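Visitor:
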Amino acid sequence: MIGHGSESPRVPESIIEEVSRAAESHLDVTIRLSQISAGHHMMSRSIVEMPTGEGKTLATVLPAVAFVRRGRRVWIATANDYLAARDADWMRPVYQELGISVSAVVGNLSSTERAAAYSADVTYGTIRSFGFDFLRSELQQRHLTSNVRETSFDGDVLILDEADSLLIDEARTPMVISEPHTSVDRSVEASIRWSACVANELVPDSDFVFDHQAGLAALTAAGRKSALCRPMPASMRTLTTTEILHTVEIAILVAGSILPDVHYVVDDRRIKLVDEYTGRKSTNRTFNAGLQQAIEAREGLTLTPPSDPVARIAVQDFVAKFRHLCGLTATAWEDRQELRNVYDLAVHRVAPERLSRRDVWPVCCFASSDEKRSAIARETVEVVGAGRAVLIGTRTIEQSVTLSEHFDAAGITHQLLTARNLESEAMIVAEAGQAGRVTIATNLAGRGTDIALSDEVRSAGGLHVIVSEPHASTRIDRQLIGRGARQGDPGSSRIFGGAEDAILWQAFGRAKADEIQRQAADAGKRAAPDLSWLRRRLARAQAVVTRMHRSDRRRLAVAEANLAVTLRGLGLDPHLDPLPSS
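According to UniProt numbering, the sequence shown is numbered sequentially starting from 1.
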């Protein structure tokens, strides 16, 4: 458990008055009691759950100013670069009115620009930008001395906007800086490209077995024989049979579980990972353990040289370096026990200023994805016909594109927003609340996206949000649904589920998921099909996957702690002397 001393539990009244005047003067907004309450809670080690649209961005300014006035340095971490830059620019007039400097660490800033950004009183960024900059700083410090040294990082105050995303979702993947080799061995490259072709020709179950839940592929005896009997490039003769078969198994794993427009996109002839929770392209991140090169071979790209880790830190270890940790989000209650046990953070709920006017429509389930898409299209036409706007959230780029094609065929005018067209994000979001507007988007339209409604849409019933498929966590569903019915506006939402949804095989495995599909297909043939049982299965699947991810985080935390003890026992730095990846 991570623990530190707590601060005074309240923001001084004088600071509340200063921030209120500055917000009214520069932002034309009046600070709310809910924001003040959130600010008070964040002066102690707390995560505040505030409903979407209650003004979390302005609420963070209250504790930030209070800490700066005490001579403290404040970092505010949010879910992505877009929100970090937006929030810093948005709140800058308020900070400047109070004589406080503010900056944002985003994108590919030069070292000089980054240093200048960190010299500000308040610095916005993402948890990974902060974490990687910490690791780079430690590496630079090591190179200035001849001996391994303790970290000189002076973490002070870290305020987490979208705290559950940063402490829960991001915590499954450590931050790793790697040093690439100079080139790819000729024989290894030949084997990787050859294996990419072989993997597509092998027969599932007969030649290999695939464990989707564990993320493992293994050749059978027949598969090993089939692979080794195929013609090979002469340059592969220097490799052992074991090395060749291992490369084939990696290629099978990539072919079966790492999909374009789901897990990655090809951008400028390079593989860019797509973040599962935000829907955005991840910069400077790669797959490990040979997966990166296998994907590049499948896509016909130049192979990236393999790399060795030179610095590493888990999110749990990084946030523990700060003297004060707090934050807020719209969705923390489900994980309050984990936040308490792992981070020593209490979760407090703050009541909204105005009661929600969201109309939650019943969950609809379908035997096939085609039936579900048709139902989504029908509902969209009906809602738009009433003078409202519709936002449809999908889990992947692939699903967004497929639904978009279905809408095109049905003659439904719409906008498509994915990691492929982020340059249009601001324009698409700005228009998403207009009458008749239909927007299909991945998770990047979730956290932090404020869709302003036209008067016509507001009077017609507000924004209708469709969750086209249950996500890995109900928190993600709630974040998407929270794009509508904000700040007392009217709105509605519906979740659509189906027997082909990914959450089922992620929770129960392929065999059980296939059985559920068959049961749903049989039920769908009846005159009045009853699929209420499928709704319960989907809810259970979400609970199972949530537990699986929680176990992953727990195992990672234990493994990181054990590794740190081992490395320190060897006189090594656990962050700067990580063991090579397998």
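Backbone N, C-alpha and C define an ideal beta-carbon position, used for all residues, glycine too.
Keep in mind that this is a model prediction, so the values were computed, not measured.
Could you round the C-beta distance between F208 and L202 to whole angstroms and report it? I think they count as a contact, below 8 Å.
Guide: Counting from 1 along the sequence shown, the entry for residue 208 is found at position 208. Counting from 1 along the sequence shown, the entry for residue 202 is found at position 202. Right, their Cβ atoms sit about 6 Å apart.
Visitor: Quick one: residues in its chain with C-beta nearer than 6 Å to the C-beta of A104, no 5 flanking neighbours on either side, listed in chain order?
Guide: To locate residue 104, count along the sequence shown from 1; it is residue 104. A84, A85, A88 and Y124, listed in sequence order.
Visitor: How is the alpha helix (DSSP H) around Q517 delimited, first residue to last?
Guide: As a working note, residue 517 is residue 517 in the sequence shown. Unbroken alpha helix (DSSP H) run through Q517: R510 to G524.
Visitor: Excluding five sequence neighbours on each side, which residues of the same chain lie with their C-beta closer than 6 Å to the C-beta of E353?
Guide: If you number the sequence shown from 1, residue 353 lands on position 353. Hits under 6 Å: R32 and S34.
Visitor: Could you compute how far the alpha carbon of T396 sits from the alpha carbon of R349?
Guide: As a first step, residue 396 is located in the sequence shown; it is residue number 396 there, counting from the start. As a first step, residue 349 is located in the sequence shown; it is residue number 349 there, counting from the start. Approximately 31 Å between the Cα atoms of the pair.
Visitor: Among A251, I295 and A289, whose alpha-carbon lies nearest the alpha-carbon of R269?
Guide: Numbered from its first residue, the sequence shown carries residue 269 at position 269. The option with the nearest alpha carbon to R269 is I295.
Visitor: Could you give the distance in angstroms between the alpha-carbon of residue 630 and the alpha-carbon of N108?
Guide: With the chain represented from 1 up to 582, any question about residue 630 goes unanswered, as that position is not in the structure.
Visitor: Check whether the stretch 328-339 and the stretch 156-172 are in contact - that is, three or more C-beta pairs closer than 8 Å.
Guide: yes
Visitor: Would you kindly work out how many angstroms separate the C-alpha atoms of W505 and A511, rounded to a whole number?
Guide: As a working note, residue 505 is residue 505 in the sequence shown. As a working note, residue 511 is residue 511 in the sequence shown. So the alpha carbons of these two residues sit roughly 8 Å apart.
Visitor: Measure the alpha-carbon distance for C365 versus L355 and round it to whole angstroms.
Guide: Locating residue 365 in the sequence shown gives position 365, counting from the first residue. Locating residue 355 in the sequence shown gives position 355, counting from the first residue. One Cα belongs to C365, the other to L355, and the distance between them is close to 29 Å.
Visitor: Give the DSSP-derived three-state secondary structure of I397 in the structure shown.
Guide: If you number the sequence shown from 1, residue 397 lands on position 397. DSSP places I397 in helix when its eight states are reduced to three.
Visitor: Skipping 5 residues on each side, what residues in its chain have a beta carbon closer than 7 Å to that of E382?
Guide: Within the sequence shown, residue 382 is the residue found at index 382, counting from 1. Closer than 7 Å at the Cβ level, and outside the excluded window around E382, lies no residue.
Visitor: Are the stretch 297-314 and the stretch 175-187 in contact at 8 Å, needing three or more beta carbon pairs?
Guide: A contact exists between the stretch 297-314 and the stretch 175-187.
Visitor: When you compare only the Cα positions, how much space is there between L245 and P578?
Guide: Mapped onto the sequence shown, residue 245 falls at position 245. Mapped onto the sequence shown, residue 578 falls at position 578. If you take the alpha carbons of L245 and P578, they lie about 28 Å apart.
Visitor: Do I466 and R483 have their beta-carbon atoms positioned less than 8 Å apart in this structure?
Guide: Translated into the one-based positions of the sequence shown, residue 483 becomes position 483. Translated into the one-based positions of the sequence shown, residue 466 becomes position 466. Result no, Cβ atoms of R483 and I466 do not sit closer than 8 Å.
Visitor: Alpha carbon to alpha carbon, what distance is there between V48 and H464?
Guide: Working through the sequence shown from its first residue, we reach residue 464 at position 464. Working through the sequence shown from its first residue, we reach residue 48 at position 48. Distance between the alpha carbons of H464 and V48: 26 Å.
Visitor: Helix or strand or just coil, what does DSSP make of P93?
Guide: Here residue 93 corresponds to residue number 93 of the sequence shown, with the count starting at 1. P93: helix per DSSP, three-state reduction.
Visitor: On a Cα-Cα basis, can you pick out the residue from D169, R128, G55 and L158 that is closest to H549?
Guide: As a first step, residue 549 is located in the sequence shown; it is residue number 549 there, counting from the start. Of D169, R128, G55 and L158, the residue nearest in Cα terms is D169.
Visitor: With a threshold of 7 Å on Cβ separation, who are the neighbours of A196 within its own chain once the five nearest residues in sequence on each side are excluded?
Guide: Position 196 of the sequence shown, counting from 1, holds the residue named residue 196. These residues qualify, in order along the chain: A251, A294, A297 and R298.
Visitor: Could you check whether the Cβ of P63 sits closer than 7 Å to any heavy atom belonging to the ligand ATP?
Guide: The ligand ATP is absent from the structure shown, which contains no ligands of any kind.
Visitor: Take T442 as the anchor and find which of R186, E243, Q415 and F134 has the nearest alpha-carbon.
Guide: For the purposes of this step, residue 442 is taken as residue 442 along the sequence shown, with counting starting at 1. That would be Q415, whose Cα lies nearest to the Cα of T442.
Visitor: Would you identify the three-state DSSP class for M175, choosing helix, strand or coil?
Guide: Within the sequence shown, numbered from 1, the residue matching residue 175 stands at position 175. M175 falls in the strand class under three-state DSSP.
Visitor: Following the continuous alpha helix (DSSP H) through I481, name the residue where it begins and the one where it ends.
Guide: If you number the sequence shown from 1, residue 481 lands on position 481. Where I481 is concerned, the enclosing alpha helix (DSSP H) stretches over T474 to I481.
Visitor: How far does the alpha helix (DSSP H) with Q316 in it reach, from first residue to last?
Guide: Walking along the sequence shown from the start, residue 316 turns up at place 316. V315 to V319 is the span of the alpha helix (DSSP H), which, as asked, contains Q316.
Visitor: Taking the alpha-carbon positions, what's the E515 to E249 distance?
Guide: Taking the sequence shown and counting its residues from 1, the one referred to as residue 515 is at position 515. Taking the sequence shown and counting its residues from 1, the one referred to as residue 249 is at position 249. Cα-Cα distance, rounded: 27 Å.
Visitor: By Cβ distance, which residues of its chain are closer than 6 Å to T52, with the 5 residues on each side in sequence left out?
Guide: Counting from one through the sequence shown, the residue named residue 52 turns up at place 52. Around T52: A330, G482 and R486.
Visitor: Could you say which of L139, R388, R518 and A409 lies nearest to G436 if we only look at CA atoms?
Guide: Stepping through the sequence shown from its first residue, residue 436 is reached at position 436. Among L139, R388, R518 and A409, the Cα nearest to that of G436 is on R388.
Visitor: Report yes or no: do three or more beta-carbon pairs, one from the stretch 19-27 and one from the stretch 52-70, lie closer than 8 Å?
Guide: yes
Visitor: Assuming A221 is part of the alpha helix (DSSP H), what are its boundary residues?
Guide: By one-based count along the sequence shown, residue 221 stands at place 221. Start and end: A221 to L228.
Visitor: Using the three-state DSSP reduction, which class does P309 fall into: helix, strand or coil?
Guide: Residue numbering aside, residue 309 sits at position 309 when the sequence shown is read from its first letter. Strand, per DSSP.
Visitor: Could you tell me the alpha carbon to alpha carbon distance between A557 and N341, rounded to whole angstroms?
Guide: For the purposes of this step, residue 557 is taken as residue 557 along the sequence shown, with counting starting at 1. For the purposes of this step, residue 341 is taken as residue 341 along the sequence shown, with counting starting at 1. Approximately 12 Å between the Cα atoms of the pair.
Visitor: Hey, would you say S257 sits closer than 8 Å to G215, going by beta carbons?
Guide: Position 257 of the sequence shown, counting from 1, holds the residue named residue 257. Position 215 of the sequence shown, counting from 1, holds the residue named residue 215. Result yes, Cβ atoms of S257 and G215 sit closer than 8 Å.
Visitor: For R193, which residues in the same chain have their Cβ closer than 7 Å to its Cβ, ignoring the five residues on either side in sequence?
Guide: Along the sequence shown, read from residue 1 onward, the residue named residue 193 stands at position 193. Answer for R193: A297, listed in chain order.
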